[in-house]
Amino acid sequence: TSSLASTVASTEQDELSQRLSRLRDQ
Amino acid sequence: MALPAQLRAIQHHLRTAQEHEDRDPVVAYYCRLYAMQSGMKLDSKTPECRKFLIKLMDQLESMKKEMSDHDSITQEVVGNAHIENYALKMFIYADNEDRGGRFHKNMIKSFYTSSLLLDVLSVFGEMSEENIQHRKYARWKATYIHNCLKSGETPL
Numbered sequence: 001t002s003s004l005a006s007t008v009a010s011t012e013q014d015e016l017s018q019r020l021s022r023l024r025d026q
Numbered sequence: 001m002a003l004p005a006q007l008r009a010i011q012h013h014l015r016t017a018q019e020h021e022d023r024d025p026v027v028a029y030y031c032r033l034y035a036m037q038s039g040m041k042l043d044s045k046t047p048e049c050r051k052f053l054i055k056l057m058d059q060l061e062s063m064k065k066e067m068s069d070h071d072s073i074t075q076e077v078v079g080n081a082h083i084e085n086y087a088l089k090m091f092i093y094a095d096n097e098d099r100g101g102r103f104h105k106n107m108i109k110s111f112y113t114s115s116l117l118l119d120v121l122s123v124f125g126e127m128s129e130e131n132i133q134h135r136k137y138a139r140w141k142a143t144y145i146h147n148c149l150k151s152g153e154t155p156l
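First to last, the protein sequences are chains A and B. Numbering-wise (this note's numbering), the first sequence opens with residue 1 and increments by one. Numbering-wise (this note's numbering), the second sequence opens with residue 1 and increments by one.
Below, the structure written as structure tokens:
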């Protein structure tokens with residue numbers, strides 16, 4: 001369960017990073 | 001939404017964003033962008049921080065959409081100049097009050113806000129040595145004058 005939680009957390013983290021990059025794309 | 005304790009370091013930048021919502025939305029946008037970047041470095045793993053940062057990202061995306069006709073938003077180089085001018089204008093106002101011996105809450109706040117806005121410049125890349133010095137001076141002055149007024153001393 002903790003491994004699943006950590007996978008979910010890291011996927012959401014990646015999504016946030018991608019959204020931040022897209023936001024700053026000009 | 002309540003700010004998780006792990007993200008306390010960005011509370012002043014978020015407050016500055018809120019205070020500039022109507023006065024200068026470009027300032028509000030870049031303060032939130034700075035808060036977002038810093039928040040992700042502080043903690044983007046715990047559920048409460050992720051939830052908070054996702055909300056902040058939603059807000060940033062909707063602000064960018066609403067201000068899609070502002071060069072300061074669509075071109076970060078223009079945004080950089082806007083934030084730098086605004087921060088230095090605030091710094092100069094507070095510095096003039098200081099040099100004129102006029103010590104009051106508004107000038108303390110201007111010194112402090114200018115230091116927060118100088119922090120925001122780091123989203124555009126490495127800060128100039130001059131801005132780093134201005135930030136240090138503004139933060140020190142804000143604390144020093146605040147403490148003097150609190151203890152009834154006249155600042156030097």
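From the three backbone atoms N, C-alpha and C, an ideal C-beta is built for every residue, glycine too. Given the structure is predicted, the values throughout are model-derived calculations rather than measurements.
Inclusion of residue 80/B and residue 124/B in the CB contact set at 8 Å is warranted, their separation being smaller than that value. Per the coordinates, the alpha-carbon of residue 151/B lies some 42 Å from the alpha-carbon of residue 78/B. Inclusion of residue 46/B and residue 6/B in the CB contact set at 8 Å is warranted, their separation being smaller than that value. Per the C-alpha coordinates, the member of 24/B, 93/B, 51/B positioned closest to residue 36/B is 51/B. Across the stretch 19–51 of chain B, CB contacts with chain A closer than 9 Å involve 33, 36, 37, 40, 44, 45, 46, 47, 50, in sequence order along the chain.
Interface criterion not met: the Cβ of residue 18/A is under 8 Å from no Cβ in chain B. Secondary structure of residue 104/B (DSSP, three-state): coil.
Residues of chain A whose Cβ lies closer than 8 Å to the Cβ of residue 145/B do not exist; the shortest such Cβ separation is about 36 Å. Taking C-beta atoms as the reference points, residue 155/B and residue 144/B count as a pair closer than 8 Å. A straight-line Cα-Cα distance of about 23 Å links residue 6/A and residue 58/B.
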